[in-house]
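**Q**
Number of protein chains: 4
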Amino acid sequence: MAVILGPNRYGKAETRLVRVVRDGGVHHIKDINVSSALSGDMRETHLRGDNAAVLPTDTQKNTTYAFARKHGVDQIEDFALLLARHYVSSQPAVHHARVEIEEYFWDRIPTQGPADERHSFVRSGREVRTCVVHHDRDGTSTVVSGLKNLMVLNSTGSEFHGFAVDDYTTLQPAFDRVLATEVSAAWRHVSDGSPFGKSYSEVRRCLLEAFADTHSLSLQQTLYAMGERVLQARGEICEVRLAMPNKHHFPVDLTPFGLDNPDEVFYAADRPYGLIEGAVLHDDAPAAHCAWD
Amino acid sequence: MAVILGPNRYGKAETRLVRVVRDGGVHHIKDINVSSALSGDMRETHLRGDNAAVLPTDTQKNTTYAFARKHGVDQIEDFALLLARHYVSSQPAVHHARVEIEEYFWDRIPTQGPADERHSFVRSGREVRTCVVHHDRDGTSTVVSGLKNLMVLNSTGSEFHGFAVDDYTTLQPAFDRVLATEVSAAWRHVSDGSPFGKSYSEVRRCLLEAFADTHSLSLQQTLYAMGERVLQARGEICEVRLAMPNKHHFPVDLTPFGLDNPDEVFYAADRPYGLIEGAVLHDDAPAAHCAWD
Amino acid sequence: MAVILGPNRYGKAETRLVRVVRDGGVHHIKDINVSSALSGDMRETHLRGDNAAVLPTDTQKNTTYAFARKHGVDQIEDFALLLARHYVSSQPAVHHARVEIEEYFWDRIPTQGPADERHSFVRSGREVRTCVVHHDRDGTSTVVSGLKNLMVLNSTGSEFHGFAVDDYTTLQPAFDRVLATEVSAAWRHVSDGSPFGKSYSEVRRCLLEAFADTHSLSLQQTLYAMGERVLQARGEICEVRLAMPNKHHFPVDLTPFGLDNPDEVFYAADRPYGLIEGAVLHDDAPAAHCAWD
Amino acid sequence: MAVILGPNRYGKAETRLVRVVRDGGVHHIKDINVSSALSGDMRETHLRGDNAAVLPTDTQKNTTYAFARKHGVDQIEDFALLLARHYVSSQPAVHHARVEIEEYFWDRIPTQGPADERHSFVRSGREVRTCVVHHDRDGTSTVVSGLKNLMVLNSTGSEFHGFAVDDYTTLQPAFDRVLATEVSAAWRHVSDGSPFGKSYSEVRRCLLEAFADTHSLSLQQTLYAMGERVLQARGEICEVRLAMPNKHHFPVDLTPFGLDNPDEVFYAADRPYGLIEGAVLHDDAPAAHCAWD
Chain A
14 MAVILGPNRY GKAETRLVRV VRDGGVHHIK DINVSSALSG DMRETHLRGD
64 NAAVLPTDTQ KNTTYAFARK HGVDQIEDFA LLLARHYVSS QPAVHHARVE
114 IEEYFWDRIP TQGPADERHS FVRSGREVRT CVVHHDRDGT STVVSGLKNL
164 MVLNSTGSEF HGFAVDDYTT LQPAFDRVLA TEVSAAWRHV SDGSPFGKSY
214 SEVRRCLLEA FADTHSLSLQ QTLYAMGERV LQARGEICEV RLAMPNKHHF
264 PVDLTPFGLD NPDEVFYAAD RPYGLIEGAV LHDDAPAAHC AWD
Chain B
14 MAVILGPNRY GKAETRLVRV VRDGGVHHIK DINVSSALSG DMRETHLRGD
64 NAAVLPTDTQ KNTTYAFARK HGVDQIEDFA LLLARHYVSS QPAVHHARVE
114 IEEYFWDRIP TQGPADERHS FVRSGREVRT CVVHHDRDGT STVVSGLKNL
164 MVLNSTGSEF HGFAVDDYTT LQPAFDRVLA TEVSAAWRHV SDGSPFGKSY
214 SEVRRCLLEA FADTHSLSLQ QTLYAMGERV LQARGEICEV RLAMPNKHHF
264 PVDLTPFGLD NPDEVFYAAD RPYGLIEGAV LHDDAPAAHC AWD
Chain C
14 MAVILGPNRY GKAETRLVRV VRDGGVHHIK DINVSSALSG DMRETHLRGD
64 NAAVLPTDTQ KNTTYAFARK HGVDQIEDFA LLLARHYVSS QPAVHHARVE
114 IEEYFWDRIP TQGPADERHS FVRSGREVRT CVVHHDRDGT STVVSGLKNL
164 MVLNSTGSEF HGFAVDDYTT LQPAFDRVLA TEVSAAWRHV SDGSPFGKSY
214 SEVRRCLLEA FADTHSLSLQ QTLYAMGERV LQARGEICEV RLAMPNKHHF
264 PVDLTPFGLD NPDEVFYAAD RPYGLIEGAV LHDDAPAAHC AWD
Chain D
14 MAVILGPNRY GKAETRLVRV VRDGGVHHIK DINVSSALSG DMRETHLRGD
64 NAAVLPTDTQ KNTTYAFARK HGVDQIEDFA LLLARHYVSS QPAVHHARVE
114 IEEYFWDRIP TQGPADERHS FVRSGREVRT CVVHHDRDGT STVVSGLKNL
164 MVLNSTGSEF HGFAVDDYTT LQPAFDRVLA TEVSAAWRHV SDGSPFGKSY
214 SEVRRCLLEA FADTHSLSLQ QTLYAMGERV LQARGEICEV RLAMPNKHHF
264 PVDLTPFGLD NPDEVFYAAD RPYGLIEGAV LHDDAPAAHC AWD
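See below:
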C-alpha cells in the first residue's frame, strides 16, 4: 500500500481581459475572463518540489494577454483552442490543456453624435457566455460552449401532477403554476470547427424558444425539450447538458385578509429550490473524452 | 450621565414579490423586493420588551402582499408611498415610515406563437431600479428614485492629468484611457406626484447619454455632467446623487514579449478601485428632510 | 434656478494590505482593507475637469502602503487617523478626510515545531473588525469602531407577544423561540485616544454577553441591552449603533408525518427577514459631527 | 441519428435545517444545508411529462425535516446515508441517490450564568464541513467528506524557482514568499462506516499541520504533502482531493518613496489567481464508482 499522485492540473484562473478594437472612431470591445489549466508530467513538483516541468501560472497570464494582441480575440472558443494548443505543443511536459473562458456582453449606448464615433458601451444583462475546450497531445480537441445566468419565467403553461406520493408527500397537484429557472447550459460540438458565433446565437434562441413554447408538465420535460430543440436545429452540436434550478414562486394565501389570489401575487423563494439536471444527446454522438471535465 | 435610546427603526426587509397581470393571454409581470421600516414611539419595546406599539414585521410582509392584490403594483414609487402612508395613518405609535423597493426588469421572449398568448419572459440585464420613500405623520413625503448596477464603459474620450502631486505620487498623466464604472444613482423628486415611469426612463437616458457624450478630464467631471443633464432635462427632479467606482482598466505591458500595446489589451482590475461620490442639485431645491436616510 | 455641486468626496476604496512583522522566527500578520475618501475644494474638477486640487486615488493607495512600512499598523483606528490627518495637513485643497478600515483575523496554526518558529496562520471566522475615522481641517477627529458578520443565536430565552394587531396580522404570539441575528455594530469613542485594542475586545465581549444573558421579549430589547452594556462598561464609548437582522428560524410543522416538533427542527429562512436598527447613547455624549457618515 | 436522454438527476437543493437538542438547560445545535438528488427510471417525465416515477422535490424537503426529528442528526455523513438509502429503498423508480450536506459550526458564548443553562452560540468562522454520499440500488454506498473556505497562510517557508521558462515568462524566482490559499478538500472513505466525527477533526488537523510544516518549493508540493499526511494518519481514508487557489500576496515596491520593503508590506490580489488541483490516493484504493460526481 503506497501513496500515489492521482489526477492533477494547475493553471491561472480568472485572467480578466478587455480588448478594444478600433475601426476608425467606431470601437468594438471584447470582455472576457480566461482560466487555463495544464496537466502532464507533473510528478516531480508534487513529490519533490522540482519545478522543471512547471510553466508558471504567471506565464499563462502573460500568454493570454500577448495572444490577445498577436491573434486578436474573436470567438471565445477559437481563442481558447489557440491557447490550449500552444501550451501542449510548446511544453513537452504538458500533455493536456483545458481552457475555460467567460464572456460578458456589452451594448452600445445610443447617442446622437456622429456615426463614425462610437465608443460608449453599457453592460447588457446577466447572461454570461462560456466555453471549455480541451486539447490533448494525442491531437484530440473538444469544445463545449455554454451560457449561464439566463433567468427565464413562464407565468402560465406549466403544470405538475401525477407524481409519486409517499408518507412524506404533502405537495398538491398544480395545474397552472409559474415556472422560473436560471438556465446553465453547455453544448458539445461535433468538431472544433463550428462557426461559434452564429452557433451561439442560434443555440441561445433555440433554448429560449423551447422554454417559451413548451407546455410543461414537469421541469424535466422542459429541459429535455430545450436540449432536443438545439440538437434538431444545429447539426454542429451533438450533446446538450442543462442545469435548471426550479425557482419556486408560491401564490400567497391572502384569505386571512378577505382577499382571493387568482395566481396574481407570488412569493419568490430563495431556498430550498428544486434542481433539475440532465443531458440530451444524439445516439451516435462521438466519444466525449474529457470534454465535460 | 444616563443611557438613552437614540434614533431607531424596525421593519421587514426584502419581501420578494412577483405579480402577474393577465390581459387575456397576454401576461405582464412585476418583480420587486420590498423593505419597510417603521419608527415612532418605540421606547417601551427597547427598554422593557413591551411590544404594544410594535406592528410585527410579519404583518408588514402580509401588508405588502395584500396591498399588491388590492391596489396592484404599477410604479414602485407609488406602491411605496401607499405602504408608507398606510403604516403611519393606521398605527398611532408609528410616526414615520420608510419604504424601499427594488425592481428587476424582464423582457418578453420573442416567439412565433399567436400574438394573444404572451407569457414567457427573460431577465433583462443587471441594472436594478430602486426607490426610497419616506412619509412622516406631519404629512411630509419624500421620494428618491434610482438605479444601481448600471455598468458603462467609454473606450476613449477620457483623460486624467494636471492632478496634484506629492511624495507618494507615481501615477503618470493619461491622455487617452478607458473609463469604466458601475453607476449607482439616486434622484430626489420635487414632489411625490411625478410621473415615475416616464421619469425613470428619461433620467436613465440622460445618465447614459451624458456619460457617453462627455469628453472626460476626470470621473468627477463626468459625474457632474450626468447629474446636470438630469436636472436640466427633468423639472420634476431637484437633486441627483451618484456613486461611481472607477473600475480601472490598465493597458498590459507587452514589451517583454516584443509586442506593442496601442491601448488594445487591458487588464480589468477588481480592487482597489477609485470611488467618486457626489451630489448635483438645484440651488433652490426644497429641503431634503430625511429623503436620503 | 441654477445647478450646483452638493456634497462630494472621492478616494481609493479597498486597498488590500497584509503586513508581516518578524520577531525572529515568530511572525505576526495584520490583514486589512483600507478605503480613504477626501473632500474639500473640488469644484473645478467637477465643473471643468481641472484636477489641480485632486490628489489621485492612486496616490492614496501608495500612501497606504508606504505608511504601513514607515509607521507600522497596530490598531486600525490609529492607522486610519494617521492617514486622515496626513491628507488634510499635506493637501491644502483637502479639507476633510474619511478613512475606513476592515480587519480580518487570523489564528496561529498549532504545530509541534520549535517555539521560535511560528509563521503559519488560519483565518479565524467570519467576524470582521471595522473602523471609520474622520478628520477635518478645523482639528476635529471622530472615531467609530465596529464589527460586522457576527452571527449569534439563542436557542431559547426569547419571546415575542403583546404586539400591535391589525387587519393584516396573522402572527401568533411566541413564548419560546429561536433568536438569531448577524450583528453589525459600531460604537463612537468620546475621543480619538482610546486604547483601541483593549476597547475592541471588551466591547465585543459586552455585546456577546448581553446577547446571551438577556431574556428577550423583543429583538429591540436585546439590541438596547447590548448597547447599554457597552456604555456601562466602557467609559471611552459614548454611543453604540446596532443593525440586527432577525434571521427567522421557523419550527417545521411535522404533523402531516405523524410527528410532533417540540421546538427541535427549524427551517432557517433567508428572506424576508426582520431588520432592527437602533442607537443607544449617553445623554451627554459629545456632538457626533460627521462621525456616522 | 436519434435524440436520446443522457445522464440526469433531480432533487431539492439547499434545505436549511437547524436542530436544537436539549440536555436539560444545556442546548446543542446542528446547522446544516441538505441537497438531495435522485436518478433512475426518469425517461417518461423527460419525454412526455408523465411524473409517475417522480418523487417531488418538495417531498425530499419534507423527508429531510422529518428524518431529522425521527432519527436526529449527529454526523452529517450518517444522516446523508440514511436519506440516500431511504430514497432508493422506498421508491422503485429511484435507482440512485446522491445527498450532499454542508455543516456550519457554532461555538458557545461564554457567560457567567449557571452551568446548567447554556443556550447561546456564536458562529465559529468561515470553514464549512461538507459531505457527498451516493447510494445505488446495487448496494454500493460511497462517502466523501470534506471542508471548504479554510483560509491558511504561511508568511515564510515558501519558495518557487527552477520552473520552465518560455518566451512569455517574466516571473522571477522567489526564495521566500508568502503562501496563502483557501483550501477546498474532499476525502473518500474506504467504507461507509468510518467514525466520521473523529475522522473529520483528525483530517482537518493533518491538513493544517502539513500545510504549516511543509517547507514549500511549490504549492503542488504542499498539496501533495497535505494529502499524504491524511492518508498516512487515517486508515479509513483512501483518497484525498484538494483544490487550492494560490492567493497571491505581492510585496509592494516602495522604492519610489525612498523605502525598502523587506517582505513586510504586501498587496493581497483578487484575480487572477493560481489554481492547483490534485488527487492523492492509496495505490490499492477501492474503485471510486461515482463517489466524486
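Keeping their order, the protein sequence lines are chains A, B, C and D.
All letters in the first sequence, in the order written, are residues 14 to 306 by my numbering.
All letters in the second sequence, in the order written, are residues 14 to 306 by my numbering.
All letters in the third sequence, in the order written, are residues 14 to 306 by my numbering.
All letters in the fourth sequence, in the order written, are residues 14 to 306 by my numbering.
Beta carbons are placed, not taken as given, at the ideal position from N, Cα and C, and that holds for glycine.
Model, not experiment: these values are computed from the prediction.
Distance, Cα to Cα, residue 179/A vs residue 101/D?
**A** Against the first sequence, residue 179/A aligns to sequence position 166. Against the fourth sequence, residue 101/D aligns to sequence position 88. Each residue's alpha carbon lies about 13 angstroms from the other.
**Q** Buried or exposed for residue 39/D, please, with buried defined as at least 16 other CB atoms from any protein chain shown within 10 angstroms of its CB.
**A** As a first step, residue 39/D must be located in the fourth sequence, where it is residue number 26. Result: exposed.
**Q** So, for residue 253/C: in the same chain, excluding its five sequence neighbours on each side, which residues have a beta-carbon less than 6 angstroms away from its beta-carbon?
**A** Along the third sequence, read from residue 1 onward, the residue named residue 253/C stands at position 240. Answer for residue 253/C: 200, 240, 243, 293, listed in chain order.
**Q** Find the residues of chain D that neighbour residue 14/A, judging by a C-beta separation of less than 8 angstroms, and give them in chain order.
**A** Residue numbering aside, residue 14/A sits at position 1 when the first sequence is read from its first letter. Simply 295, 296, 297.
**Q** Classify residue 19/A as helix, strand or coil using the three-state DSSP reduction.
**A** Taking the first residue of the first sequence as 1, we reach residue 19/A at position 6. If DSSP states are grouped into helix, strand and coil, residue 19/A belongs with the strands.
**Q** Using alpha carbons as the reference points, say which of 291/C, 299/C, 264/C, 296/C lies closest to residue 2/C.
**A** Limits of chain C in this structure are 14 at one end and 306 at the other, which puts residue 2/C out of reach.
**Q** What is the rounded straight-line gap between the Cα of residue 27/A and the Cα of residue 48/A?
**A** As a position in the first sequence, residue 27/A is number 14, starting the count at 1. As a position in the first sequence, residue 48/A is number 35, starting the count at 1. So the alpha carbons of these two residues sit roughly 5 angstroms apart.
**Q** Under 9 angstroms Cβ-Cβ, which residues of chain A neighbour residue 117/D?
**A** Looking up residue 117/D in the fourth sequence gives position 104. Simply none; closest approach about 14 angstroms.
**Q** Going by DSSP, what residue range makes up the beta strand (DSSP E) through residue 193/B?
**A** Residue numbering aside, residue 193/B sits at position 180 when the second sequence is read from its first letter. Unbroken beta strand (DSSP E) run through residue 193/B: 192-202.
**Q** Apart from the five residues just before and just after residue 174/D, which ones in its own chain have a Cβ nearer than 7 angstroms to its Cβ?
**A** Walking along the fourth sequence from the start, residue 174/D turns up at place 161. Here the set comprises 186, 187, 188.
**Q** Counting only C-beta atoms, is residue 167/D closer than 7 angstroms to chain A at any point?
**A** Taking the first residue of the fourth sequence as position 1, residue 167/D is located at position 154. Output row for residue 167/D: interface = no.
**Q** Would you call the segment 132-152 of chain C and the segment 17-33 of chain B touching, i.e. three or more CB-CB distances under 8 angstroms?
**A** Output reads no: the segment 17-33 of chain B does not touch the segment 132-152 of chain C.
**Q** Tell me, please, whether the CB atom of residue 239/A is closer than 7 angstroms to any CB atom in chain B?
**A** The residue you call residue 239/A lines up with position 226 of the first sequence. Closer than 7 angstroms: no.
**Q** Do you know offhand how far residue 284/B's Cα is from residue 284/D's?
**A** Within the second sequence, numbered from 1, the residue matching residue 284/B stands at position 271. Within the fourth sequence, numbered from 1, the residue matching residue 284/D stands at position 271. Near 9 angstroms, if we compare the C-alpha coordinates of residue 284/D and residue 284/B.
**Q** Given residue 43/B, which residues of its chain have a CB within under 6 angstroms of its CB, disregarding the five upstream and five downstream residues?
**A** Numbered from its first residue, the second sequence carries residue 43/B at position 30. Here the set comprises 32, 86.
**Q** Under three-state DSSP, which class holds residue 87/C?
**A** Against the third sequence, residue 87/C aligns to sequence position 74. Reduced to three states, the DSSP call for residue 87/C is coil.
**Q** Tell me whether residue 74/A sits in a helix, a strand or coil according to DSSP, three-state version.
**A** Looking up residue 74/A in the first sequence gives position 61. Helix.
**Q** Going by DSSP, what residue range makes up the beta strand (DSSP E) through residue 280/C?
**A** Sequence index remark: in the third sequence, residue 280/C carries index 267 (1-based). Its beta strand (DSSP E) spans residues 278-281.
**Q** What residue range does the alpha helix (DSSP H) around residue 211/D cover?
**A** For the purposes of this step, residue 211/D is identified with residue 198 of the fourth sequence, where counting begins at 1. Residue 211/D -> alpha helix (DSSP H) spans 209-226.
**Q** Below 7 angstroms on C-beta distance, what does residue 137/C contact in chain D?
**A** Stepping through the third sequence from its first residue, residue 137/C is reached at position 124. In chain order: 138.
**Q** Beta-carbon within less than 6 angstroms of residue 197/D's beta-carbon, same chain only, minus the 5 sequence neighbours each way: which residues are those?
**A** Counted from its first residue, the fourth sequence places residue 197/D at position 184. These residues qualify, in order along the chain: 161, 256.
**Q** Would you call the segment 211-221 of chain C and the segment 272-281 of chain C in contact, with 3 or more CB pairs under 8 angstroms?
**A** The segment 211-221 of chain C, when compared against the segment 272-281 of chain C, does not touch it at the 8 angstroms Cβ threshold.
**Q** In chain D, which residues lie less than 8 angstroms from residue 67/A when you measure between Cβ atoms?
**A** Residue numbering aside, residue 67/A sits at position 54 when the first sequence is read from its first letter. What residue 67/A touches in chain D: 176, 177, 231, 233.
**Q** With residue 254/C as the anchor, note down where its beta strand (DSSP E) starts and where it stops.
**A** Within the third sequence, residue 254/C is the residue found at index 241, counting from 1. Note, residue 254/C: beta strand (DSSP E), 250-259.
**Q** Can you tell me whether residue 302/B is buried or exposed, with buried defined as 16 or more other CB within 10 angstroms of its CB?
**A** Working through the second sequence from its first residue, we reach residue 302/B at position 289. When all chains shown are included, residue 302/B counts as exposed.
**Q** Which same chain residues, not among the five before or five after residue 233/D, have their C-beta less than 8 angstroms away from its C-beta?
**A** Here residue 233/D refers to the residue found at position 220 of the fourth sequence. The answer, listed in chain order, is 289, 291.
**Q** Output, in chain order, the set of chain D residues within a Cβ distance shorter than 8 angstroms of residue 284/B.
**A** In the second sequence, the residue the question calls residue 284/B occupies position 271. The contacting residues are 283.
**Q** Does residue 316/C have its Cβ less than 7 angstroms from a Cβ in chain B?
**A** This structure cannot speak to residue 316/C, because chain C is shown only from 14 to 306.
**Q** Could you check whether residue 106/C and residue 66/C sit closer than 7 angstroms to each other, using their CB atoms as the reference points?
**A** Residue 66/C sits at position 53 when you count from the first residue of the third sequence. Residue 106/C sits at position 93 when you count from the first residue of the third sequence. Yes, the Cβ-Cβ distance between residue 66/C and residue 106/C is below 7 angstroms.
**Q** Tell me the rounded alpha-carbon separation between residue 60/D and residue 122/B.
**A** Counting from 1 along the fourth sequence, the entry for residue 60/D is found at position 47. Counting from 1 along the second sequence, the entry for residue 122/B is found at position 109. Using only the alpha carbons, I get a separation of about 23 angstroms.
**Q** Is the beta carbon of residue 69/B closer than 7 angstroms to that of residue 176/C?
**A** Working through the third sequence from its first residue, we reach residue 176/C at position 163. Working through the second sequence from its first residue, we reach residue 69/B at position 56. Closer than 7 angstroms, so yes.
**Q** So, helix, strand or coil for residue 55/C, using DSSP?
**A** Within the third sequence, residue 55/C is the residue found at index 42, counting from 1. Looking at residue 55/C - three-state DSSP - the assignment turns out to be coil, as it is neither helix nor strand.
**Q** Spell out the partners DSSP gives residue 237/D in its beta bridges.
**A** Working through the fourth sequence from its first residue, we reach residue 237/D at position 224. Answer is none; residue 237/D lacks a bridge partner.
**Q** In chain C, which residues lie with their C-beta within 7 angstroms of the C-beta of residue 180/A?
**A** Your numbering for residue 180/A matches position 167 in the first sequence. Going along chain C in sequence order, the residues near residue 180/A (Cβ under 7 angstroms) are 270.
**Q** Since residue 259/C meets chain D, which of its residues come closer than 8 angstroms, beta carbon to beta carbon?
**A** Residue mapping note: residue 259/C aligns to position 246 of the third sequence, counting from 1. Going along chain D, no residue has its Cβ under 8 angstroms from residue 259/C, so there is no contact; the nearest lies around 15 angstroms.
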